[in-house]
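Undergrad: Each number in our numbering comes from the position in the sequence shown (counting from 1) with 329 added on.
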Amino acid sequence: MEQPVKKQRILSGIQPSGTPTLGNYLGAIRNWKLLEDQYDCLYMVADLHTITVRQEPSLLRARSLQTMALLLAVGLDPEKSILFLQSHVPQHSQMSWLLSCYTYMGEMSRMTQFKDKSRRHAENVNCGLFTYPILMAGDILLYQANLVPVGNDQTQHVEICRDIAARFNSVYGNVFTLPEGYNPKVGARVMSLQEPTRKMSKSDAEDSFISMLDTPDAIRRKFRRAVTDSEARIAFDPANKPGVSNLLSILSALTDESLDSLVERFGGKGYGDLKSAVAEATVETLAPFQQEFNRLMADKAYLQSVCRTGAERAGRLAERTLSKCMKKIGFLAP
Ligand code: AQP
């Protein structure tokens with residue numbers, strides 16, 4: 330009898346450091362849904378990662394559950410994929426310590442995200458910010474993931490993960506699968522509405538991002554205030570017209586209409602027309618998710634059961650890798 334082909338495994342995550350944005354949706358979550366059938370997927374709410382920046386405890390709790398509810402609301406299927414909260418699987422923290430002993434200071438100090446984040450949070454340059462890529466390497470390696478869908482700002486972290494894994498394997502034999510970064514075919518990098526040369530981030534100033542839970546009025550207001558330029562000419566030119574290009578690429582991602590066709594259709598029209606078209610497309614896309622989100626948030630028992638089952642399934646896989654590693658290193662079995 331023919332053996333079924335083993336699906337490749339994917340791991341990805343989102344930090345509950347705020348309410349997920351339109352950028353998180355168009356750049357990541359929307360693709361996660363498309364990958365569910367083809368791959369063996371694990372999607373985690375990466376709560377451990379958020380504490381490199383101070384979090385308010387009650388907000389962190391609320392956002393963790395909210396993020397899980399949003400993943401379900403966009404249609405991720407907890408029967409197909411493993412959906413879990415990272416802190417519910419203690420092997421992530423354990424693996425991070427093991428791997429930190431196989432990682433060099435020099436490697437970590439080259440990480441551009443560390444340099445960038447330590448500049449932005451100069452009052453709190455903690456060791457977690459520095460070793461964050463090791464926690465992330467553990468996230469990936471625990472599940473022997475083959476592919477990691479990441480934005481290009483994370484490519485360096487996938488490379489360091491491969492380096493750490495290869496180093497470990499060269500000492501102890503083939504323990505870890507070497508993962509690869511995965512660039513999905515559909516995907517958009519959404520830029521800040523206020524500073525369109527920077528990416529849209531959920532922990533930035535309120536007017537610079539569209540949250541997946543914003544009301545229609547808030548969405549319209551934020552797009553109306555989006556920074557453009559003084560040319561009054563609709564063209565896709567990210568270097569010279571970052572604001573307008575961002576609006577065009579959001580609209581294209583939401584409606585599947587090509588950029589060329591949009592530029593032609595909006596030729597001769599004002600920025601106000603483009604802004605209201607993007608706002609309406611956003612309202613329309615988010616409305617069904619928000620409805621489902623509200624329904625799910627009213628059913629805490631269900632959300633908790635998804636988290637519990639996800640953590641159990643993830644924990645079994647993670648434990649297999651962790652105990653293999655510990656044995657190889659020389660720890661006695663308990
Ligand atoms: N603006 C964006 N455009 C496209 N994709 C994006 N992603 C994030 N922002 C954009 C992708 O979303 C996934 C989850 O990201 P994350 O929450 O783990 O961390 P992040 O990239 O740091 O996202 P934020 O919103 O900018 O969070 P904060 O403000 O806390 O730093 C990733 O796949 C990411 O590429």
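Ideal placement from N, C-alpha and C gives every residue a C-beta, glycine not left out.
Among residues of its own chain, excluding the 5 on either side of E524, which ones have a beta-carbon nearer than 8 Å to its beta-carbon?
TA: Position 195 of the sequence shown, counting from 1, holds the residue named residue 524. These residues qualify, in order along the chain: S537, V556.
Undergrad: Run through DSSP, which three-state label would R338 get?
TA: To locate residue 338, count along the sequence shown from 1; it is residue 9. If DSSP states are grouped into helix, strand and coil, R338 belongs with the strands.
Undergrad: Looking at K598 and the ligand AQP, is the gap between the Cβ and the nearest heavy atom below 7 Å?
TA: For the purposes of this step, residue 598 is taken as residue 269 along the sequence shown, with counting starting at 1. K598: no, Cβ never under 7 Å from the ligand AQP.
Undergrad: Indicate, with yes or no, if the ligand AQP has a heavy atom lying under 7 Å from the CB of N353.
TA: Here residue 353 is taken as the residue at index 24 of the sequence shown, counted from 1. True, at least one ligand heavy atom lies under 7 Å from that Cβ.
Undergrad: According to DSSP, is P419 part of a helix, a strand, or is it coil?
TA: Position 90 of the sequence shown, counting from 1, holds the residue named residue 419. P419: coil per DSSP, three-state reduction.
Undergrad: Nearest-angstrom Cα distance between M541 and N353?
TA: Your numbering for residue 541 matches position 212 in the sequence shown. Your numbering for residue 353 matches position 24 in the sequence shown. Between M541 and N353, the C-alpha separation is close to 9 Å.
Undergrad: Does the pairing of the stretch 367–377 with the stretch 579–596 give three or more beta-carbon distances under 8 Å?
TA: Taking 8 Å as the limit for Cβ pairs, the verdict is that the stretch 579–596 does not touch the stretch 367–377.
Undergrad: According to the neighbour-count rule (16 or more other Cβ atoms, all chains shown, within 10 Å of its Cβ), is R527 buried or exposed?
TA: Residue 527 sits at position 198 when you count from the first residue of the sequence shown. By the neighbour-count rule (16 or more Cβ atoms within 10 Å), R527 is not buried but exposed.
Undergrad: At what residues does the beta strand (DSSP E) containing E509 begin and finish?
TA: As a working mapping, residue 509 is identified with position 180 in the sequence shown. Start and end: 509–511.
Undergrad: Leaving out five residues on either side along the sequence, give the residues of the same chain with a beta carbon under 8 Å from the beta carbon of P571.
TA: To locate residue 571, count along the sequence shown from 1; it is residue 242. Answer for P571: M520, P525, T526, listed in chain order.
Undergrad: Once the 5 residues before and after Y472 are set aside, which same chain residues still bring their CB inside 8 Å of it?
TA: As a working note, residue 472 is residue 143 in the sequence shown. Cβ neighbours of Y472 beyond the five flanking positions: R338, L340, L371, A643, L646, A647, T650.
Undergrad: Is the beta carbon of I469 within less than 7 Å of some heavy atom of the ligand AQP?
TA: Taking the sequence shown and counting its residues from 1, the one referred to as residue 469 is at position 140. No, the beta carbon of I469 sits no closer than 7 Å to any heavy atom of the ligand AQP.
Undergrad: By DSSP, does D369 sit in helix, in strand, or in coil?
TA: By one-based count along the sequence shown, residue 369 stands at place 40. D369: strand per DSSP, three-state reduction.
Undergrad: Below 7 Å CB to CB, which residues in the same chain sit around H417 once its five sequence neighbours on both sides are set aside?
TA: For this step, residue 417 is matched to residue 88 along the sequence shown. Counting only Cβ-Cβ distances below 7 Å, and skipping sequence neighbours, we find C636, A640.
Undergrad: Need the endpoints of the alpha helix (DSSP H) that L646 sits in, please.
TA: Start at 1 with the first residue of the sequence shown, and residue 646 comes out as number 317. Looking at the DSSP string, the run of the alpha helix (DSSP H) that includes L646 is 629–658.
Undergrad: With I411 as the anchor, note down where its beta strand (DSSP E) starts and where it stops.
TA: For this step, residue 411 is matched to residue 82 along the sequence shown. Here the beta strand (DSSP E) through I411 covers 411–414.
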